[in-house]
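In this note's numbering, the protein residues as written are 46 to 868.
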Amino acid sequence: MGKRNIPLMCVIFMIGAALLFSGCSGGGGGSSSGSGGVVQSLKVGERVSVVDAQDSQTSNQINALKLASAVADLPAGSPYNTDETHSYVEERSSESFDIINEILCMMAQTGYDEMLNQGNYKAMINMSQCEGSKDNAESAGQASQNQSSGANAEEYEYWTVNSSRADNDSPQIVKVWVHEKEEDHGGGIEPAKTILVKTIITESKSATNPYGIFTLYFQGVLDSNGQEMMTGYLKAERDNTGTVLLKFYESGQHGDGSGSQQVTLNRSTDGSTGSGSLAMTQSWQGQTQSKAFNIAYNNGFFLRQEIENNTPGESVCMNRTNTESSVWRYGVYYDENHDTPGERVSINSGFPIKYTDNNGSNYHGWAGYHGLWIDNNVTIPNGATVYKQDYSSNGGTETAYTMFMARGKLRKHMKKTVTLGDINGVPISWNECTDQGNNNWICTDSRVEWNGTNFVKNAVRNDQTNYVWQEVTAAPITIDPDAWDFHFWSESLGGSGRINLKDPTDPNGVAQITLSDSTPVIFHVEDTVYPGDTVPDTLACFENCPDPSLINTQSEPFFAKSTWQDLNNFSEVNQNTAPGSLAADTNYIEYGFNSTSMELEHNSTPVVMETAPQGVEYGTWSGTMFAPTPENFALLGCDWDQTNSSTCAWQAWDKLDVFYTWESGVDQWNRLTALKDLNDTFVSFDPPINVEYTHTTGAKYFLEYNGFGDLHGVPGKCVDEDTGQDTDCYDSTGDKYIRWVPDFSVSDGSSVTDAVSSLTYYVKGLDKEVRMMAESDASTCTTAGLATTDYALPDASLFVAPDIGTEPDVDGAPAVIAGEVQE
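Structure below.
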């Protein structure tokens with residue numbers, strides 16, 4: 046994927062060096078009362094970049110635009126108007142800043158500013174929100190593939206934190222103890238270790254100094270023997286001229302490799318000018334990669350000079366006023382018609398829990414809609430007692446619940462319909478297959494878009510480079526004239542979709558319709574079935590119907606219908622059977638759903654996977670299942686058969702308003718986890734909210750909102766970091782520096798509609814990256830007076846081991862969860 050992604054140890058290094066600092070949120074500054082009066086909390090920047098954002102959409106201008114729009118009716122003090130929008134510049138020389146920003150983002154999640162002088166406390170850090178690898182071009186492949194239901198499962202780390210300040214003339218000290226379990230990152234084992242962090246803050250961030258003045262030291266030691274594995278520090282300090290310098294140093298071993306990073310950045314008081322030097326070295330399996338840059342900028346331009354073997358190399362000149370931007374994180378808020386206009390749309394996705402094993406050891410975790418996460422991957426037996434932990438300053442409370450686990454989960458699919466005109470220009474993934482002869486089929490994943498007349502293919506997935514999209518000359522696709530339907534997958538529509546291609550008026554059932562903007566497109570909104578939900582007593586399955594006798598031994602454990610080429614479905618043979626004559630376990634498989642065990646059964650035998658067969662990584666899924674009623678069967682009558690004497694079972698996908706699928710596997714995300722209170726009543730958690738968004742082009746997108754800051758489904762594109770221009774995600778030469786970014790941004794104040802409740806919400810961008818466009822000639826920068834400086838880089842001599850002492854024993858509820866202080 047280009048120089049940035051050569052097979053060294055980049056991912057392991059980034060995760061290790063960042064101390065797995067993931068997640069980004071935080072509140073405003075706090076204060077506490079001390080013997081000398083009110084002690085004000087200090088707060089450092091949540092993000093830094095090599096150069097300040099200078100695009101036209103500053104936060105103040107965005108706020109001014111809001112007042113002229115419909116959101117002007119929202120209260121001025123509502124979160125919609127008070128939640129900050131952070132803009133930052135993304136530039137190739139700032140790769141080392143990915144780690145710095147993960148560190149700062151992590152610090153914000155601890156809530157250290159609001160928890161000043163509150164004593165020792167636990168903070169739950171959401172691992173996903175500040176992930177530095179989301180812009181990797183490989184995401185172009187990953188984001189557009191159908192993933193398991195566990196793709197959005199929560200995973201947290203519990204950190205012990207103490208934030209203190211004696212008085213307003215003293216520095217604020219933030220101490221953090223982090224425990225990381227042993228993990229295999231594919232390039233070596235990352236052993237279990239403890240990370241010690243000490244931050245000393247002497248000045249808060251401000252308009253003239255967005256960093257603050259602080260020093261953050263970190264040190265990683267092995268749990269097994271106390272051996273030091275990594276050290277580093279991040280400093281924002283003033284020199285004797287009053288200029289703020291940002292310095293970063295990190296060195297350590299990670300898995301089978303090692304590396305170091307060094308940064309010195311000089312920023313003027315108003316941010317209009319600056320310069321700096323950056324260097325990074327990574328070694329893995331005998332290979333070493335080194336990068337170094339000198340940079341300089343003024344109000345108009347940014348100059349980056351690559352340093353090769355201590356010799357100045359290629360220079361690139363970027364224009365600070367010619368930019369493009371992408372929003373990575375959004376907030377979703379209630380509109381003016383709601384009881385709480387402007388408030389964040391909240392989702393009850395789960396809560397923290399504690400589990401005590403038979404040996405008296407306590408483990409902390411999270412129980413929620415996506416299942417269970419528990420530290421150290423401890424197995425909690427079905428029926429065990431866990432405790433919901435509610436924080437309060439006087440000690441908090443614990444509420445007992447009984448753990449309930451089913452060995453699979455039933456998912457409900459509710460039909461939605463749009464037209465091809467609604468998704469004009471929306472990228473979708475289509476599995477294009479051709480027969481090479483002798484029934485030898487070759488299939489390619491192609492990216493296609495409807496243009497108002499045809500589906501046009503513009504990229505194929507390259508299976509040699511982590512399945513990134515490789516652009517091809519745009520051309521209309523040819524649909525098999527015998528095809529009954531057109532199946533696709535689209536993240537922007539929330540998953541799988543289908544277009545019925547056969548003309549229902551053709552008595553022979555062979556004619557295809559002519560596609561047009563008015564052609565219906567079918568897809569489904571999904572939800573997990575929980576105890577207490579209404580489910581049909583029996584479910585009919587016609588295709589991919591799992592056999593309980595095979596599910597633990599076969600990679601395709603489905604009932605077979607041997608009368609027609611041993612198919613694992615009953616569709617073909619049923620074309621000669623009238624809908625009113627379908628018989629259970631002859632024309633279809635009939636299952637029961639046990640509402641007590643919450644498991645699918647066939648002849649009272651649970652259809653559950655307890656051991657993964659060879660080649661099975663993500664569990665198994667059934668085809669469509671539905672209530673075997675005469676009304677539903679009647680909808681399966683083949684459209685082309687005017688005599689109603691044949692059944693086309695595949696029509697269930699687009700004819701039924703609701704159907705179900707069963708998922709089972711050995712992993713947590715394949716199984717239903719629920720909790721029962723002392724009254725034996727199940728606790729229900731909110732699913733993600735699917736919202737319909739109409740872009741400025743008129744195209745409709747169905748996005749998924751998982752909670753504050755997490756709105757996804759916007760398609761992506763690749764950009765060249767040396768030019769700022771759009772580019773192919775595939776790089777055959779390995780010479781490009783490629784990033785994967787959102788293809789467009791949802792404008793502040795845009796409306797989205799809840800696909801289930803029809804409520805209307807407003808959207809606001811929270812984190813916006815700005816990309817500068819390159820000038821054709823690097824001399825533009827030198828003509829503008831820019832020249833780089835070779836700064837001395839920080840090294841190990843300035844490292845001071847964090848003297849934070851023994852980790853205090855804090856066994857109560859987390860006081861801060863993903864940056865939100867608990868009341």
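Yeah, the Cβ is synthetic: ideal placement off N, Cα and C, and Gly gets one too. Bear in mind that the values here come from a model prediction, so they are computed numbers and not experimental data.
Distance between residue j and residue i (C-alpha atoms, nearest Å)
i: residue 279; j: residue 311; result: 14 Å
i: residue 265; j: residue 406; result: 24 Å
i: residue 639; j: residue 646; result: 7 Å
i: residue 528; j: residue 275; result: 58 Å
i: residue 329; j: residue 839; result: 23 Å
i: residue 850; j: residue 204; result: 15 Å
i: residue 797; j: residue 575; result: 27 Å
i: residue 568; j: residue 282; result: 55 Å
i: residue 688; j: residue 494; result: 38 Å
i: residue 117; j: residue 381; result: 9 Å
i: residue 321; j: residue 348; result: 11 Å
i: residue 859; j: residue 396; result: 10 Å
i: residue 866; j: residue 269; result: 33 Å
i: residue 780; j: residue 91; result: 32 Å
i: residue 862; j: residue 500; result: 45 Å
i: residue 594; j: residue 667; result: 15 Å
i: residue 307; j: residue 318; result: 21 Å
i: residue 152; j: residue 124; result: 22 Å
i: residue 167; j: residue 144; result: 23 Å
i: residue 631; j: residue 623; result: 13 Å
Residue closest to residue i, alpha-carbon to alpha-carbon, out of the options
i: residue 517; options: 489, 527, 539 and 745; result: 489
i: residue 447; options: 832, 723, 116 and 851; result: 723
i: residue 292; options: 772, 257 and 269; result: 257
i: residue 139; options: 817, 470 and 417; result: 817
i: residue 823; options: 777, 834, 767 and 842; result: 767
i: residue 731; options: 269, 656, 867 and 393; result: 393
i: residue 410; options: 170, 228, 344 and 267; result: 170
i: residue 361; options: 246, 481, 346 and 153; result: 346
i: residue 425; options: 795, 211 and 399; result: 399
i: residue 526; options: 563, 558, 571 and 806; result: 558
i: residue 215; options: 551, 697, 565 and 245; result: 245
i: residue 738; options: 423, 135, 212 and 803; result: 803
Helix, strand or coil at residue i according to DSSP, with G and I counted as helix
i: residue 863; result: coil
i: residue 675; result: helix
i: residue 855; result: coil
i: residue 151; result: helix
i: residue 192; result: Caution applies to residue 192, whose pLDDT of 42 falls short of 50 and renders its modelled position unreliable; the value that the coordinates give is listed next. It is coil, neither helix nor strand.
i: residue 350; result: strand
i: residue 825; result: helix
i: residue 639; result: strand
i: residue 522; result: coil
i: residue 451; result: strand
i: residue 663; result: coil
Inter-residue CB distance, residue i and residue j (contact presumed, cutoff 8 Å)
i: residue 790; j: residue 370; result: 7 Å
i: residue 432; j: residue 445; result: 6 Å
i: residue 754; j: residue 811; result: 6 Å
i: residue 744; j: residue 471; result: 5 Å
i: residue 677; j: residue 701; result: 6 Å
Residue i burial status per 10 Å Cβ neighbour count (16 or more: buried)
i: residue 693; result: buried
i: residue 522; result: exposed
i: residue 675; result: exposed
i: residue 226; result: exposed
i: residue 108; result: Reliability fails at residue 108, whose pLDDT of 39 lies under 50, so the model's placement of it is uncertain and no value is given.
i: residue 610; result: A caution first: residue 610 carries a pLDDT of 45, below 50, which makes its placement in the model too unreliable to give a value.
i: residue 465; result: buried
i: residue 845; result: exposed
i: residue 98; result: buried
i: residue 249; result: buried
i: residue 474; result: buried
i: residue 146; result: buried
i: residue 273; result: exposed
i: residue 315; result: exposed
i: residue 719; result: buried
The ligand NAP heavy atom lying under 6 Å from the CB of residue i
i: residue 522; result: In the structure shown, the ligand NAP is absent, as is every other ligand, since no ligand is present at all.
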